[in-house]
Amino acid sequence: MSKNNKQFVEKITAMEDDFAQWYTDVVKQAELVDYGAVRGTMIIKPYGFAIWENIRDQLDRRFKETGHSNVSFPLFIPESMLQKEKDHIEGFAPEVAWVTKGGEEELEERICVRPTSEVLFGEYYAKNIHSYRDLPKLFNQWSNVVRWEKTTRPFLRSLEFLWQEGHTAHATQEEAEEETAQMLDIYAEICEDYLAIPVLRGKKTEKEKFAGAEYTLTVESLMHDGKALQSGTSHYFGTGFAEAFDIRYLNKDGEQQPVHQTSWGMSTRIMGALIMVHGDNRGLVIPPRIAPTQAMIVPVAQHKEGVLDKAYDLRDRLQHLVRVDIDSSDKKPGWKFNEYEMKGIPVRIEMGPKDIENEQVVLVRRDTGDKEFVPLSELEERLPALLEEVQQNIYNQALTHLNETTTTAKNMDEFKQALDEKPGFIQAMWCGDHTCEEKIKDETSATSRCIPFEQQHVSDSCVYCGREAKELVYWARAY
Ligand SMILES: [Zn+2]
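According to the UniProt record's numbering, the sequence shown is numbered sequentially starting from 1.
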């Protein structure tokens with residue numbers, strides 16, 4: 001390795017040495033974010049935002065295909081409105097940022113900077129839903145929200161983040177529950193098919209569910225260090241908000257009925273998952289289907305006559321087929337190789353005078369580092385196929401990691417041993433008592449991640465108390 005290359009890689013701490021530092025290094029070196037002026041805020045830079053936009057576009061397309069409309073609700077919520085649903089406000093109170101002054105004048109009522117918008121939608125629906133003809137209401141908004149977190153990390157936990165929040169109102173429980181499940185499926189599909197992140201699907205326990213919801217469905221993913229990350233949630237509210245906000249409609253029989261509601265969200269936290277599931281000691285690994293640039297052309301010996309022209313011809317040829325870019329700056333090829341590996345660009349295309357002579361290019365894949373020589377005449381066929389192979393391979397790697405680090409524990413000794421020796425998901429039976437769940441958290445800092453839809457019976461008794469077990473739960477330490 002040349003001196004320059006070595007220095008470059010040394011900018012990233014090895015993940016085996018210090019995973020948290022590795023994460024911070026990658027986020028900065030790959031130019032995803034910078035820190036904002038207020039502690040815990042972030043500037044999402046062009047490359048980071050381009051990745052988020054691709055995730056957003058995929059989600060948005062599916063929301064629209066399933067009949068949802070985008071709207072934009074205000075950033076501010078009066079305190080009295082937030083107080084209307086008791087569980088909800090209790091859940092959010094510790095993280096709410098308050099506006100107390102407008103200019104120099106004290107406000108008569110404090111205004112909350114939205115941590116989420118259930119109450120605003122509740123108030124709106126109360127005014128705008130009158131009869132069964134007004135239902136369903138299928139709204140989504142792309143917005144920023146503020147949660148005053150004590151400890152922060154880019155993407156994973158920040159004072160302000162970007163997300164989408166869907167808010168729907170339905171005539172029946174059945175319809176609302178179908179919606180809740182449908183939106184979770186969309187999140188799972190985006191995670192698995194686009195972000196190449198395998199997920200566990202399930203229901204949150206009462207303790208971990210969203211404040212004010214009847215129940216919360218979740219997709220959970222596993223990071224490289226064995227910690228879990230909640231990657232998307234979908235909540236069924238029942239008629240709780242409808243009762244609190246008086247959202248009623250006249251049914252076909254002329255009776256007043258409360259609506260059934262849902263809400264669901266995916267945020268820029270998923271960027272954290274993308275980094276921590278696929279990244280390695282050379283930086284990011286971005287799945288081709290979500291990568292802003294799928295292939296980067298790096299001309300070699302570009303000062304030689306004809307090389308740059310050929311490289312641009314190649315770009316023009318490929319750009320209808322894949323998202324391709326070219327770096328024709330006067331930086332050295334070795335620098336460029338490192339730079340685009342760091343940024344996780346799935347495939348690098350090298351082209352120098354020899355390749356031009358032989359009518360070929362060199363394709364180098366980011367995930368394995370494997371090189372192949374491809375005749376120019378076969379490139380249109382080979383490059384998209386290679387991108388698919390990379391997509392599949394990184395998904396399979398993540399799935400293997402998830403499976404290999406999932407342990408079954410029948411008692412707390414096994415539970416603790418698994419956390420120490422092979423961090424990942426732990427499958428263990430639970431009696432359903434929240435005190436067992438709390439004690440597990442106190443003793444191990446692992447939390448219940450979900451009650452999986454696909455239940456297994458791995459033992460008869462609760463992993464903590466030994467009483468009769470009710471269901472299987474996935475546990476893990478989590479972000
Ligand atoms: Zn128990």
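Every residue gets a Cβ at the ideal spot worked out from N, C-alpha and C, and that includes glycine.
Give me whichever residues DSSP pairs with residue 160 in a beta bridge.
The count along the sequence shown starts at 1 and reaches residue 160 at position 160. According to DSSP, which records beta bridges pairwise, residue 160 is partnered with 146.
Three or more C-beta pairs below 8 Å linking the segment 159–168 and the segment 137–147:
The segment 159–168 vs the segment 137–147: in contact.
Taking DSSP's pairing of strands, which residues face residue 299 in a bridge?
Here residue 299 refers to the residue found at position 299 of the sequence shown. Per DSSP, 351.
Using only the heavy atoms of ligand 1, determine whether one of them is closer than 7 Å to the beta carbon of residue 450.
If you number the sequence shown from 1, residue 450 lands on position 450. Relative to ligand 1, residue 450 has its C-beta separated by 7 Å or more from all heavy atoms.
Kindly indicate which three-state DSSP category residue 289 falls into: helix, strand or coil?
Residue numbering aside, residue 289 sits at position 289 when the sequence shown is read from its first letter. Residue state for residue 289 is assigned as coil, using DSSP reduced to three classes.
Apart from the five residues on each side of it in sequence, which residues of its chain come closer than 8 Å, Cβ to Cβ, to residue 415?
Along the sequence shown, one-based indexing puts residue 415 at 415. Result list for residue 415: 409, 426, 428, 440, 444, 446, 463 and 475, in chain order.
Would you mind reading off the limits of the alpha helix (DSSP H) that contains residue 384?
As a working mapping, residue 384 is identified with position 384 in the sequence shown. 379–404 is the span of the alpha helix (DSSP H), which, as asked, contains residue 384.
Ligand 1 and residue 114: does the residue's C-beta get closer than 7 Å to at least one heavy atom of that ligand?
Counting from one through the sequence shown, the residue named residue 114 turns up at place 114. Annotation for residue 114 indicates a beta carbon at 7 Å or more from all heavy atoms of ligand 1.
Taking the beta strand (DSSP E) that residue 112 falls in, what are its first and last residues?
Walking along the sequence shown from the start, residue 112 turns up at place 112. Residues 105–113.
Closer than 7 Å to a non-hydrogen atom of ligand 1 - does that hold for the CB of residue 430?
Along the sequence shown, one-based indexing puts residue 430 at 430. Yes, since a heavy atom of ligand 1 falls inside the 7 Å radius drawn around the Cβ of residue 430.
Counted within 10 angstroms of its Cβ, other Cβ atoms place residue 43 as buried (16 or more) or exposed
Position 43 of the sequence shown, counted from the start, is the residue given in the question as residue 43. So residue 43 ends up on the exposed side.
Using C-beta distances below 6 Å, list every residue in its chain close to residue 194, excluding the 5 sequence neighbours before and after it, in chain order.
Numbered from its first residue, the sequence shown carries residue 194 at position 194. Within the same chain, residue 194 has close Cβ partners 58, 289 and 290.
Can you give the Cα-Cα distance for residue 40 and residue 32, rounded to whole angstroms?
The residue labelled residue 40 in the question sits at position 40 within the sequence shown. The residue labelled residue 32 in the question sits at position 32 within the sequence shown. Distance between the alpha carbons of residue 40 and residue 32: 15 Å.
Can you list, in chain order, the residues of its chain whose CB lies under 7 Å from that of residue 120, leaving out five sequence neighbours each side?
Taking the first residue of the sequence shown as position 1, residue 120 is located at position 120. Cβ within range, chain order: 73, 74 and 77.
Could you tell me which of 211, 466, 472 and 250 sits nearest to residue 451, measuring between CA atoms?
As a working mapping, residue 451 is identified with position 451 in the sequence shown. Sorting 211, 466, 472 and 250 by C-alpha distance to the C-alpha of residue 451 places 472 at the top.
Beta-carbon separation (whole angstroms), residue 201 vs residue 184, contact threshold 8 Å:
Here residue 201 is taken as the residue at index 201 of the sequence shown, counted from 1. Here residue 184 is taken as the residue at index 184 of the sequence shown, counted from 1. Yes, they are in contact, since the Cβ atoms of residue 201 and residue 184 sit about 7 Å apart, within 8 Å.
Just the C-alpha distance for residue 102 and residue 109, rounded to the nearest angstrom, thanks.
Reading the sequence shown from its first residue, position 102 is the one you call residue 102. Reading the sequence shown from its first residue, position 109 is the one you call residue 109. About 11 Å.
Expected contact under 8 Å - CB spacing of residue 423 and residue 400 to nearest Å:
Within the sequence shown, numbered from 1, the residue matching residue 423 stands at position 423. Within the sequence shown, numbered from 1, the residue matching residue 400 stands at position 400. Incorrect: roughly 15 Å between the Cβ atoms, too far for contact.
Taking the straight line between their C-alpha atoms, what separation do you get for residue 326 and residue 297?
As a first step, residue 326 is located in the sequence shown; it is residue number 326 there, counting from the start. As a first step, residue 297 is located in the sequence shown; it is residue number 297 there, counting from the start. Taking the straight line joining both Cα atoms gives about 5 Å.
What residue range does the beta strand (DSSP E) around residue 77 cover?
For the purposes of this step, residue 77 is identified with residue 77 of the sequence shown, where counting begins at 1. In the DSSP assignment, residue 77 falls within the beta strand (DSSP E) that extends over 76–78.
Check this for me: beta carbons of residue 232 and residue 276, under 8 Å apart or not?
For the purposes of this step, residue 232 is taken as residue 232 along the sequence shown, with counting starting at 1. For the purposes of this step, residue 276 is taken as residue 276 along the sequence shown, with counting starting at 1. For residue 232 and residue 276, no; Cβs fall outside 8 Å.
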